[in-house]
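In mature numbering (1 follows the signal peptide of the UniProt record, and there is no 0), the protein residues as written are -40 to -1, 1 to 543.
Built from N, CA and C at the ideal position, the CB exists for glycine as well.
Everything numeric in this text was worked out from a predicted model, so none of it was measured.
Written out below as structure tokens is the structure these notes cover.
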């Protein structure tokens, strides 16, 4: 049931994508955190900035899908195989299932007249599809692709009933090899959010899911038989045991199995459909799931899928969590893959400016409105729609969530807290608790750190007290992953010594959301800091520091949890003393 383009290092090894031409187919704490809009206070001004999003019309997307489906319905006779054996009318060894059991499943259709194919994928955030790099690299998904969600029917059926969505951005692992199929993982960013329940990926430190014998489930619309190129008209699933690296490496094509980057699953194929349970063509990019999390992405297997002794091979997601998460949590003002910077003037006009990142420099600033009544302005994406939001605290102590609504092309303001004038710090570092939903943290007047677990819609569950003693820090910043493990971290500066500490995220809920602090620098000569996110666009969180004289420096993140956490600083420019608030 695996889908994939044909090709690969070994003439009999294949990606598991199907060429279209060859297929037939806030918990309430009174006075502290609110969970619904409140209109008693004046909301912040409407920003003049907005994401620059472009997408084909729905009619054009439907036409693309129809063209791809038409090609898919005209299989190439030359691509058919005749290995013998009876045709088993289901995913090889699998069973049919409904979209209710896997609401996050996605179909990826691509057709440009020459390079047409079908892949599977999984919704891991409202605008994010996890799939295989061999389904993405070299293709123009924004210009010629389409994604279908919300249906178990293959979208070659005109009455499929799913949502048809365009692609805005694409990313594949920078070290993906089209020859070895190593690092075979990718993320598509949709132009509009889809209304299905996402599935989370596993964590970087997950070893339990990969223990030999662990039962995993693979999903897809791939081939149902080794003797036919037809892919399934209905979503199917199959249960497979995880195999050890030794088992995978000792297989006939073991030299092509990359330990740590790949995982293989299933019992050895029997040599025919009967007795074989495996992914096959048409499943490429689809998820291998253990315990409700994606642990693998369908990558490659033996041609026709059932050769005796063969296994299906998947990209090992735990290895790539640190690469994938930054591409999921990458909302920014201008809509590219680089985090932009907000800065509010301290002069009487209180103008907020947006600086578009160019990697290691910024474009000319753009005014976003008069925010003289604000004393905190933070950048985040609470609802994971890939449109960057702002968290704003007014001088009165009200905290607002200001977010862009694409359907109305307007900004909406929701009051999420009141009585927060005495809060020493407010931070929105991303997903701290490991549920793929962004959270909010604050330090109260007594120095206690509280976490408000996000629900993904601008509201929060009951707050949890993480610990005390946080008043010692004059700066507490976080926006993403500083250590390369896919978990949100914090950077704290001790006011008395200018020491900089890393609080590494654990990706767990409760009080143990951060590991013990680790000293990473002693920084004197700076009086303002900002963690805007991934400014350089390399998938690693960066840091900004300003001198009292107004010179701003960018410290590119290295992904190392040590004194080498930042690379050599890059001078951004002077004149930044005019700002007293950074996003």
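**Asked** Are there 16 or more other CB atoms within 10 angstroms of the CB of residue 370, so buried, or fewer, so exposed?
**Response** Within the chain shown, residue 370 is the residue found at index 410, counting from 1. Exposed.
**Asked** Grouping DSSP H, G and I as helix and E and B as strand, with all else coil, what is residue 94?
**Response** Residue mapping note: residue 94 aligns to position 134 of the chain shown, counting from 1. Residue state, collapsed to three classes: helix.
**Message:** As an exercise, report each continuous beta strand (DSSP E) stretch of at least 3 residues that is fully enclosed by the segment 98 to 148, in chain order.
**Reply:** Fully enclosed beta strand (DSSP E) runs of 3 or longer: 105 to 109, 123 to 125 and 127 to 132.
**Contact set for residue 330: own chain, Cβ-Cβ below 8 Å, skip 5 residues either direction** = Walking along the chain shown from the start, residue 330 turns up at place 370. Answer for residue 330: 5, 309, 310, 311 and 312, listed in chain order.
**Closest residue to residue 381 among 355, 476 and 66 (Cα-Cα distance)** = Position 421 of the chain shown, counted from the first residue, corresponds to residue 381. The shortest Cα separation from residue 381 among 355, 476 and 66 belongs to 355.
**Request:** Counting only the same chain and skipping the five closest in sequence on each side, list residues whose C-beta sits under 7 Å from that of residue 414.
**Result:** Sequence index remark: in the chain shown, residue 414 carries index 454 (1-based). Once the five neighbours on either side are set aside, the close Cβ partners of residue 414 are 342, 397, 398, 399, 400 and 420.
**Request:** Using three-state DSSP, classify residue 286 as helix, strand or coil.
**Result:** Along the chain shown, one-based indexing puts residue 286 at 326. Residue state for residue 286 is assigned as helix, using DSSP reduced to three classes.
**Prompt:** Going by C-alpha distance, which of 225, 277 and 193 is nearest residue 84?
**Reply:** Against the chain shown, residue 84 aligns to sequence position 124. Nearest C-alpha to residue 84: 277.
**Request:** Count the other C-beta atoms from every protein chain shown that fall within 10 angstroms of the C-beta of residue 344, then say buried if there are 16 or more, exposed otherwise.
**Result:** To locate residue 344, count along the chain shown from 1; it is residue 384. With 16 or more Cβ atoms within 10 Å of its Cβ, residue 344 is classed as buried.
**Best match in 436, 445 and 525 for proximity to residue 387 [C-alpha to C-alpha]** = The residue labelled residue 387 in the question sits at position 427 within the chain shown. Per the C-alpha coordinates, the member of 436, 445 and 525 positioned closest to residue 387 is 436.
**Own chain partners of residue 105 with C-beta closer than 6 Å, once the 5 adjacent residues on each side are dropped** = For this step, residue 105 is matched to residue 145 along the chain shown. Excluding sequence neighbours, residue 105 sits near 70 and 127.
**Prompt:** Who are the Cβ neighbours of residue 79 in its own chain at under 7 Å, not counting the five residues just before and after it?
**Reply:** Start at 1 with the first residue of the chain shown, and residue 79 comes out as number 119. So the list reads -38, -24, 68, 91, 92, 95, 244 and 245, once near-sequence residues are dropped.
**Request:** Given a cut-off of 8 Å, decide if residue 375 and residue 405 are closer than it, judged by their beta-carbon atoms.
**Result:** To locate residue 405, count along the chain shown from 1; it is residue 445. To locate residue 375, count along the chain shown from 1; it is residue 415. No, these two residues do not count as a Cβ contact at 8 Å.
**Asked** If you count every other CB in all the chains shown that lies within 10 Å of the CB of residue 74, and 16 or more means buried, which is it?
**Response** Residue mapping note: residue 74 aligns to position 114 of the chain shown, counting from 1. The residue in question, residue 74, is exposed, as its Cβ has fewer than 16 Cβ neighbours within 10 Å.
**CA nearest to the CA of residue 55, picked from 416, 196 and 484** = Position 95 of the chain shown, counting from 1, holds the residue named residue 55. Ranking 416, 196 and 484 by CA distance to the CA of residue 55 puts 196 first.
**Item:** Cβ shell of residue 542 (< 6 Å), same chain only, five flanking positions each side left out
**Value:** Locating residue 542 in the chain shown gives position 582, where the first residue counts as 1. Beyond the five residues adjoining it in sequence on each side, residue 542 comes within less than 6 Å, by CB distance, of 303 and 490 in the same chain, given in chain order.
**Asked** Taking the DSSP output, what are the residues bridged to residue 292?
**Response** Numbered from 1 along the chain shown, position 332 holds the residue referred to as residue 292. Its beta-bridge partners are 347.
**Prompt:** Three or more beta-carbon pairs under 8 Å between the segment 273 to 292 and the segment 143 to 163, yes or no?
**Reply:** Segment contact: the segment 273 to 292 against the segment 143 to 163, three or more CB-CB distances shorter than 8 Å; contact assigned.
**Message:** If I follow the unbroken beta strand (DSSP E) through residue 452, where does it start and stop?
**Reply:** What you label residue 452 is simply residue 492 of the chain shown in a count that begins at 1. Residues 450 to 454.
**Asked** Just curious, the beta strand (DSSP E) that residue 275 is in, first and last residue?
**Response** Counting from one through the chain shown, the residue named residue 275 turns up at place 315. For residue 275, the enclosing beta strand (DSSP E) has its first and last residue at 272 to 276.
**Asked** When burial is assigned at 16 or more other CB atoms within 10 Å of the CB, is residue 524 buried or exposed?
**Response** Sequence index remark: in the chain shown, residue 524 carries index 564 (1-based). Its Cβ having fewer than 16 others within 10 Å, residue 524 is exposed.
**Request:** Note down the Cα distance separating residue 544 from residue 202, rounded to an integer number of angstroms.
**Result:** Here the chain comprises residues numbered -40 to 543, so residue 544 is not present and cannot be evaluated.
**Message:** Less than 8 Å between the beta carbons of residue 111 and residue 122, yes or no?
**Reply:** Within the chain shown, the letter at position 151 stands for residue 111. Within the chain shown, the letter at position 162 stands for residue 122. Yes, they are a contact pair.
**Asked** Got a sec? Which residues, its chain only, sit under 8 Å from residue 50 by beta carbon, not counting five neighbours each side?
**Response** Reading the chain shown from its first residue, position 90 is the one you call residue 50. Unreliable positioning characterises residue 50 in this predicted model, as indicated by a pLDDT of 30, which lies under 50. The coordinate reading is nonetheless provided below. Scanning its chain for C-beta atoms nearer than 8 Å, with the 5 sequence neighbours on each side dropped, one finds around residue 50 the residues 56, 184, 192 and 196, in chain order.
**Request:** For the beta strand (DSSP E) holding residue 82, just list the boundary residues, first then last.
**Result:** For the purposes of this step, residue 82 is identified with residue 122 of the chain shown, where counting begins at 1. Counting along the chain, the unbroken beta strand (DSSP E) around residue 82 starts and ends at 77 to 85.
**Prompt:** How would you label residue 17, buried or exposed, when you count the other beta carbons within 10 angstroms and need 16 or more for buried?
**Reply:** Walking along the chain shown from the start, residue 17 turns up at place 57. The residue is exposed, with fewer than 16 neighbouring Cβ atoms inside 10 Å.
**Message:** Per DSSP, what are the beta-bridge partners of residue 339 in this structure?
**Reply:** The residue you call residue 339 lines up with position 379 of the chain shown. Under DSSP, residue 339 shares a beta bridge with 350.
**Asked** Of the residues 88, 464 and 225, which one's Cα is nearest the Cα of residue 198?
**Response** In the chain shown, the residue the question calls residue 198 occupies position 238. For the set 88, 464 and 225, the Cα lying nearest the Cα of residue 198 is the one of 225.
**Message:** Can you look up residue 369 in the DSSP assignment and give me helix, strand or coil?
**Reply:** Residue 369 sits at position 409 when you count from the first residue of the chain shown. DSSP places residue 369 in the coil class of the three-state scheme, outside both helix and strand.
**Prompt:** Since residue 500 contacts residue 444 with CB under 8 Å, what's their CB separation in whole angstroms?
**Reply:** Within the chain shown, the letter at position 540 stands for residue 500. Within the chain shown, the letter at position 484 stands for residue 444. Taking a contact as a CB-CB distance under 8 Å, the pair residue 500 and residue 444 counts as one, their CB atoms being some 7 Å apart.
**alpha helix (DSSP H) segment containing residue 527, residue limits** = Translated into positions along the chain shown, residue 527 becomes position 567. Per DSSP, residue 527 belongs to no alpha helix (DSSP H) and is neither H nor E.
**Message:** How far does the alpha helix (DSSP H) with residue 206 in it extend, from its first residue to its last?
**Reply:** One-based indexing of the chain shown puts residue 206 at position 246. Here the alpha helix (DSSP H) through residue 206 covers 205 to 209.
**Request:** Using beta-carbon positions only, say whether residue 552 and residue 452 come within less than 8 Å of one another.
**Result:** Because residue 552 is not part of the residues shown, which for the chain are -40 to 543, the question remains open.
**Prompt:** By how many angstroms is the C-alpha of residue 134 removed from the C-alpha of residue 98?
**Reply:** Taking the first residue of the chain shown as 1, we reach residue 98 at position 138. Taking the first residue of the chain shown as 1, we reach residue 134 at position 174. Between residue 98 and residue 134, the C-alpha separation is close to 12 Å.
**Asked** Rounded to the nearest angstrom, how far is the Cβ of residue 379 from that of residue 357, given a contact under 8 Å?
**Response** The residue given as residue 379 occupies position 419 in the chain shown. The residue given as residue 357 occupies position 397 in the chain shown. Yes, they are in contact, since the Cβ atoms of residue 379 and residue 357 sit about 5 Å apart, within 8 Å.
**Residue environment, residue 290, which counts as buried when at least 16 other CB atoms sit within 10 Å** = Taking the chain shown and counting its residues from 1, one reaches residue 290 at position 330. Burial call: buried.
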